[in-house]
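Let me begin by presenting the structure, written as structure tokens, before commenting on it.
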Amino acid sequence: MTGAMDIGIPQLLIALLFIVTAGVASLRLRLGLERDLLWGTLRTVAQLVLMGFVLIYVFQLRQWYLIVGLYTVMILFAAWIIRGRVRSTSVSYFLPTFMSMAVSYLVINVLVVAVIVQADPWYLPKYFIPLGGMIIGNSMNAIAIALDRLFSDLIGKRARIELLISLGATAREASAEVYRDAIRAGMIPSINAMMGVGVVFIPGMMTGQIIAGSDPLVAVKYQIVVMLMLVGSTALGSLLVISLVRRRCFSADHRLTIRERSS
Amino acid sequence: MINIVSELSTEAVLQVRDLTFRYGSTPVLSELSLDLYRDDVLLLTGASGAGKSTLLRVLARLLEPESGTVLLNGQPREDIDPTRYRRRVAYLQQQPVMVSGSVRENLLLSFRFGSAEPPSRELLGEMLDRTALSGVSLEQSAAELSVGQQQRIALLRLLLMEPEVLLLDEPTASLDDEAARLLMEAVAAAREQADRAVLLVSHNDGGASDVLSPRRAVLRSGHVEEAS
Chain A
1 MTGAMDIGIP QLLIALLFIV TAGVASLRLR LGLERDLLWG TLRTVAQLVL MGFVLIYVFQ
61 LRQWYLIVGL YTVMILFAAW IIRGRVRSTS VSYFLPTFMS MAVSYLVINV LVVAVIVQAD
121 PWYLPKYFIP LGGMIIGNSM NAIAIALDRL FSDLIGKRAR IELLISLGAT AREASAEVYR
181 DAIRAGMIPS INAMMGVGVV FIPGMMTGQI IAGSDPLVAV KYQIVVMLML VGSTALGSLL
241 VISLVRRRCF SADHRLTIRE RSS
Chain B
1001 MINIVSELST EAVLQVRDLT FRYGSTPVLS ELSLDLYRDD VLLLTGASGA GKSTLLRVLA
1061 RLLEPESGTV LLNGQPREDI DPTRYRRRVA YLQQQPVMVS GSVRENLLLS FRFGSAEPPS
1121 RELLGEMLDR TALSGVSLEQ SAAELSVGQQ QRIALLRLLL MEPEVLLLDE PTASLDDEAA
1181 RLLMEAVAAA REQADRAVLL VSHNDGGASD VLSPRRAVLR SGHVEEAS
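Line by line, the protein sequences are chains A and B.
Per our numbering, the very first residue in the first sequence carries number 1; after that it's consecutive.
Per our numbering, the very first residue in the second sequence carries number 1001; after that it's consecutive.
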């Protein structure tokens, strides 16, 4: 078999029945989700169709800077999305978040595509963009969780942190526990995913490869690399982001300066 | 005559001049000046929201003033390493904050951040005895103590840094009369022991008069005024 069986338009429309079912449930139970379901369905179809056309074009590219540029734009969007998921404070974190994500994700993606998969050239878009997208999608959630935890704890544990500062602690010493808890909170979901993979669920990438006709054992090897890559990118991304953003929550003389911003 | 501000004096441990602080656009402290001397206790009262706690937090370098100077033994505080300054000008929070762990771990908290040798168990035990905490074991959980006992542990924790100035932020606000008296006696002993300067803010007397015989002043409209 070479590639997955195509799905016809009528068959695709049948899949809409799933949404209709959810919509009817929402109406009957007064969940108020009809509008979101409709909007979500339209966005899913439009974004994926658009993505399909973009990928057809992108997979033909042979200039490394265009591929890396596109990857950077994807990371920029991810950093933008994180802004909406983290509680609003007086600390601006967009730039350090974007920079940390760009550096860590680029390093890990190049390592996976060039050294582990051994694609030639190292930026081969068929591998670089989808694998990079998986890194961004998964680590984005981790970074949002870690940042939200960092801000919540710095604000919620102000009395304790200021006690330690009053006792001669530096900002780094006074926030050591909060720092560790934030990074841990970001990493736990990807570690949990390693525990359940292959037992509780078959991951999307492996499913896709098997449907597309790959040998399941090859698909397994790719999936192992992906799982480990996701833990690595989550750890490295969270570590960099939290380290940089924590510094912005304190002044040079170790005062805790972060404030909750009332919306 | 109560001397809130003298000519620049070398005797003053802490000299505060023209201190101004705002929360956003709301002025809280307005060109405030005061002096604190060795072996001196100043009781600063004022209505709720007058800025008493803000003043202490500014002096403890937990808030940055908009303008003004603070001199510690004649030295501008900007010239002093902030972690060293905070050890010399110690700040007691209104509500005692205990970290999880034993009484001993709480007492020795500041030694995690410096190079000083922690005191022996015997010395810690004597400190507890002198502060009416003889029934408290060094190894018991600090969370089990009453608020009054925790506040005295918090005071002892500061004294182990051997500060020159004690800033006390309504320390008796949540204590009953007996616990307030015991805390004030511990403050009096701490003052006598090393000629420390004490700045105590409270919305009322806070049980200080009987034990400490303090100078008195009132914080009003962002200024320190002599008490009438």
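Using N, Cα and C, we set each Cβ at its ideal position, and we do this for glycine too.
Every value quoted in this text rests on a predicted model; they were computed, and no experiment measured them.
_Would S1102(B) pass as an interface residue toward chain A - the criterion being a Cβ-Cβ separation below 9 Å?_
Along the second sequence, one-based indexing puts residue 1102(B) at 102. So no, S1102(B) is outside the interface.
*Separation of I82(A) from P1096(B), as counted between CA atoms*: Along the second sequence, one-based indexing puts residue 1096(B) at 96. Along the first sequence, one-based indexing puts residue 82(A) at 82. Answer to the nearest angstrom: the Cα atoms are 37 Å apart.
*Output the residue ranges of the alpha helix (DSSP H) runs that lie fully inside the segment 1066-1094 of chain B and measure 4 residues or longer, sorted by chain position.*
1082-1088
*What's the gap between the Cα of L1159(B) and the Cα of M195(A)?*
Within the second sequence, numbered from 1, the residue matching residue 1159(B) stands at position 159. Within the first sequence, numbered from 1, the residue matching residue 195(A) stands at position 195. About 50 Å.
*Going along the chain, which residues of the segment 159-190 of chain A sit with their C-beta nearer than 9 Å to a C-beta in chain B?*
A159, R160, E162, L163, L164, I165, S166, L167, G168, A169, T170, E173, A174
*Going by the CB atoms, is the gap between L1175(B) and Q1248(B) shorter than 9 Å?*
Since the displayed chain B opens at 1001 and closes at 1228, residue 1248(B) lies outside it and no answer follows.
*Cβ-based neighbour list, L1008(B), same chain, cut-off 6 Å, excluding 5 preceding and 5 following*: Working through the second sequence from its first residue, we reach residue 1008(B) at position 8. Confidence at L1008(B) is low in this model, with a pLDDT of 48, below 50, so its placement is unreliable and the value that follows should be read with caution. For L1008(B), where only same-chain residues beyond five positions count, there are no Cβ hits under 6 Å.
*Since I believe S152(A) is in contact with R255(A) (beta carbons under 8 Å), could you give me their beta-carbon distance rounded to a whole number of angstroms?*
Translated into positions along the first sequence, residue 255(A) becomes position 255. Translated into positions along the first sequence, residue 152(A) becomes position 152. So it is not a contact: roughly 19 Å between Cβ atoms.
_Three-state secondary structure (DSSP) of V241(A)_ = As a position in the first sequence, residue 241(A) is number 241, starting the count at 1. The answer is helix: DSSP assigns V241(A) an H, G or I state.
*Within the same chain, show all residues whose beta-carbon is closer than 8 Å to that of I136(A), passing over the 5 residues directly before and after it, in chain order.*
Sequence index remark: in the first sequence, residue 136(A) carries index 136 (1-based). M74, I75, A78, M101, Y105.
*If I143(A) sits next to T97(A), beta carbons under 8 Å apart, how far is it from one beta carbon to the other, in whole angstroms?*
Counting from 1 along the first sequence, the entry for residue 143(A) is found at position 143. Counting from 1 along the first sequence, the entry for residue 97(A) is found at position 97. Between T97(A) and I143(A) the Cβ distance is about 7 Å, and since that is below 8 Å, they are a contact.
_Touch test, the segment 1067-1086 of chain B against the segment 1013-1020 of chain B, Cβ-Cβ under 8 Å, three pairs minimum_ = yes
*Of the residues L55(A), W64(A), L167(A), which one's Cα is nearest the Cα of V1099(B)?*
Position 99 of the second sequence, counted from the start, is the residue given in the question as residue 1099(B). For V1099(B), the nearest C-alpha among the options comes from L167(A).
*What residue range is occupied by the uninterrupted alpha helix (DSSP H) comprising Y1037(B)?*
If you number the second sequence from 1, residue 1037(B) lands on position 37. Y1037(B) -> not in any alpha helix (DSSP H); beta strand (DSSP E) instead, spanning 1026-1037.
_Helix, strand or coil at I1002(B) according to DSSP, with G and I counted as helix_ = As a first step, residue 1002(B) is located in the second sequence; it is residue number 2 there, counting from the start. Because the pLDDT at I1002(B) is just 46, under 50, the model does not fix this residue reliably, and the value given afterwards should be weighed accordingly. Coil at I1002(B), not helix or strand.
*Under three-state DSSP, which class holds L1008(B)?*
As a working note, residue 1008(B) is residue 8 in the second sequence. Confidence is the limiting factor: at L1008(B) the pLDDT is only 48, short of 50, which leaves the residue's position unreliable and the question unanswerable from this model.
*For L95(A), the first and last residue of its enclosing alpha helix (DSSP H)*: Against the first sequence, residue 95(A) aligns to sequence position 95. Its alpha helix (DSSP H) spans residues 94-110.
*Using the C-alpha atoms, what's the distance from D120(A) back to S1115(B)?*
As a first step, residue 1115(B) is located in the second sequence; it is residue number 115 there, counting from the start. As a first step, residue 120(A) is located in the first sequence; it is residue number 120 there, counting from the start. When rounded, the distance between both Cα atoms is 55 Å.
*Find the nearest neighbour of R1181(B) within the set D1210(B), L1155(B), R1104(B), judged by alpha-carbon distance.*
Here residue 1181(B) corresponds to residue number 181 of the second sequence, with the count starting at 1. With distances taken between Cα atoms, R1181(B) lies closest to D1210(B).
_Unbroken alpha helix (DSSP H) run spanning A46(A), endpoints_ = Residue mapping note: residue 46(A) aligns to position 46 of the first sequence, counting from 1. Element bounds for A46(A): 34-58.
*Give the straight-line distance between the Cα atoms of L17(A) and T41(A), rounded to the nearest whole angstrom.*
Position 17 of the first sequence, counted from the start, is the residue given in the question as residue 17(A). Position 41 of the first sequence, counted from the start, is the residue given in the question as residue 41(A). If you take the alpha carbons of L17(A) and T41(A), they lie about 12 Å apart.
*What residues in its chain sit with their C-beta under 6 Å from that of S139(A), if we drop five residues either side in the sequence?*
On the first sequence, position 139 is the one that residue 139(A) refers to. Once the five neighbours on either side are set aside, the close Cβ partners of S139(A) are S233, T234, G237.
*Taking R1038(B) as the query, report the chain A residues whose CB atoms sit under 9 Å from its CB, ordered along the chain.*
For the purposes of this step, residue 1038(B) is identified with residue 38 of the second sequence, where counting begins at 1. What R1038(B) touches in chain A: nothing, since even the nearest Cβ is about 22 Å away.
*Please report the residue range of the alpha helix (DSSP H) in which A1197(B) lies.*
For this step, residue 1197(B) is matched to residue 197 along the second sequence. Looking at the DSSP string, A1197(B) is not in any alpha helix (DSSP H); the run it does join, the beta strand (DSSP E), is 1197-1201.
*asked:* Quick check on F1113(B) - is its C-beta less than 9 Å from some C-beta in chain A?
replied: Looking up residue 1113(B) in the second sequence gives position 113. Closer than 9 Å: yes.
*Can you pull the chain D residues whose beta carbon is under 8 Å from the beta carbon of S251(A), in chain order?*
In the displayed structure, chain D is absent; the protein chains listed are A and B.
*Who does A1217(B) pair with in a DSSP beta bridge?*
By one-based count along the second sequence, residue 1217(B) stands at place 217. DSSP lists L1044(B), E1226(B) as partners of A1217(B).
_Buried or exposed by the 16-neighbour rule on C-beta atoms within 10 Å, applied to L164(A)_ = What you label residue 164(A) is simply residue 164 of the first sequence in a count that begins at 1. L164(A) is buried by the Cβ-count criterion.
*Same chain only: Cβ atoms within 7 Å of L1107(B), ignoring 5 sequence neighbours per side*: Locating residue 1107(B) in the second sequence gives position 107, counting from the first residue. These residues qualify, in order along the chain: L1124, I1153, L1156, R1157, L1160.
*Hey, how far is the Cα of L1062(B) from the Cα of E34(A)?*
As a first step, residue 1062(B) must be located in the second sequence, where it is residue number 62. As a first step, residue 34(A) must be located in the first sequence, where it is residue number 34. Taking the straight line joining both Cα atoms gives about 50 Å.
*asked:* Excluding the 5 residues flanking C249(A) on each side, which residues of the same chain have their C-beta closer than 6 Å to its C-beta?
replied: Counted from its first residue, the first sequence places residue 249(A) at position 249. Closer than 6 Å at the Cβ level, and outside the excluded window around C249(A), lie V91, L154, I258.
*Residues in its own chain within less than 6 Å of S71(A) by CB, not counting five upstream and five downstream?*
Indexing the first sequence from 1 puts residue 71(A) at position 71. The displayed chain sequence assigns Tyr, not Ser, to residue 71(A). Closer than 6 Å at Cβ, skipping near neighbours: G132.
*Measure the beta-carbon distance from L1167(B) to A1050(B) and round it to whole angstroms, keeping in mind my assumption that it falls under 8 Å.*
Translated into positions along the second sequence, residue 1167(B) becomes position 167. Translated into positions along the second sequence, residue 1050(B) becomes position 50. Not quite, the Cβ-Cβ distance comes to about 16 Å (not below 8 Å), so this is no contact.
*asked:* Among the candidates A1012(B), D1040(B), E1064(B), whose CA atom is the shortest distance from the CA of S251(A)?
replied: Counting from 1 along the first sequence, the entry for residue 251(A) is found at position 251. Considering only alpha carbons, the answer is E1064(B).
*Delimiting residues of the beta strand (DSSP E) encompassing V1165(B)*: Here residue 1165(B) refers to the residue found at position 165 of the second sequence. 1165-1169 is the extent of the beta strand (DSSP E) around V1165(B).
*Looking only at its own chain, which residues have a Cβ that is under 7 Å from the Cβ of E1225(B), when we skip the five neighbours before and after it?*
Translated into the one-based positions of the second sequence, residue 1225(B) becomes position 225. Only A1217, V1218 meet the Cβ criterion.
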